[in-house]
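The next block holds one structure in the form of structure tokens; read it before the comments.
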Amino acid sequence: MALVMLLANGFEEIEALGTLDLLRRAGVETVTCTLNRTPLTLGAHGIAVEAELCLTELDSTAFDGVILPGGLGGAQALAATQGVLELLRDYDRAGKLVAAICAAPALVLTAAGILPGRPATCYPAPEFVQALGAGYVNAGAVIGDHLITAAGPGRFTDFARAIIEYAADEETAKRVFADALIKD
């Protein structure tokens with residue numbers, strides 16, 4: 009299974025890089041892709057990351073799922089990019105993995121129109137909870153068919169574990185978390 013993680017300036021570093029690290033430890037092929045015209049993407053806390061692809065180079069048919077880190081600025085940029093919204097709709101219709109954490113479920117997934125009537129979680133700010141409406145679940149991570157959402161920075165391990173279990177299996181997730189000394 010091959011996944012693409014979309015990065016935009018202002019992304020939440022721990023959600024992106026912590027998740028990416030654990031996925032790669034699990035052997036889940038995960039490629040980073042920036043909205044920028046050059047590979048360099050600046051996180052919300054000033055950490056610069058060099059992405060492997062730019063959105064203009066992305067072949068969406070090469071991937072089985074997409075991962076959206078949060079961070080207010082990053083999520084706003086993703087939500088404002090038509091190519092991202094189209095990709096999300098296409099992946100959702102095809103039953104491919106769509107995973108979003110923090111502000112991304114409330115801002116990006118709602119902008120793509122794929123959340124109504126589906127259980128999901130997000131960063132617990134009132135305006136984000138309201139954006140999820142009746143589908144909001146107060147949980148670290150919510151897993152439903154091919155949709156995975158998580159609450160925020162401190163829950164990136166829940167997010168990564170759910171993605172690893174989806175892309176590989178529970179035993180791989182247990183091994184990776186044990187090797188990284190992350191308690192279940």
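9 is the number of the first residue of the sequence shown in this note's numbering; add one for each residue after it.
Yeah, the Cβ is synthetic: ideal placement off N, Cα and C, and Gly gets one too.
Keep in mind it's a predicted model, so treat the numbers as computed, not measured.
Note that the C-beta distance between LEU15 and ALA59 is below 7 Å. For secondary structure counted as the beta strand (DSSP E) over 3 or more consecutive residues, the region 49-126 holds these complete runs in sequence order: 56-58, 73-76 and 105-109.
If the five residues before and after THR64 are omitted, its C-beta is found closer than 6 Å to no C-beta atom of its own chain. In the structure shown, the three-state DSSP call for ALA128 is strand.
DSSP links MET13 through a beta bridge to THR40 and ILE75. About 5 Å separates the CB atoms of VAL150 and ALA128; that is less than 8 Å, so the two are in contact.
Contact check between the region 18-36 and the region 67-81: three or more CB pairs, one atom from each, fall below 8 Å, which counts as touching.
Take the alpha-carbon of ALA111 and the one of ALA85: they are about 11 Å apart.
Beta-bridge analysis with DSSP links ILE156 to ALA107 and ILE151.
DSSP places THR165 inside the alpha helix (DSSP H), whose first and last residues are 164-175. Its Cα nearest to that of PRO113, the residue THR157 stands out among ALA133, THR89 and THR157.
Secondary structure note for LYS182: its alpha helix (DSSP H) is the uninterrupted segment 178-187. Take the alpha-carbon of TYR131 and the one of GLU173: they are about 22 Å apart. When the Cα atoms are used, HIS53 and GLY82 turn out to be separated by approximately 12 Å. A direct Cα-to-Cα measurement between PRO134 and ARG183 gives close to 36 Å.
Just measuring C-alpha positions, the residue of VAL57, CYS62, THR40 and VAL74 sitting nearest ILE171 is VAL74.
For GLU135, the enclosing alpha helix (DSSP H) begins and ends at 134-140. Counting C-beta atoms within 10 angstroms of its own C-beta, ILE55 has fewer than 16 neighbours from the protein chains shown and is therefore classed as exposed.
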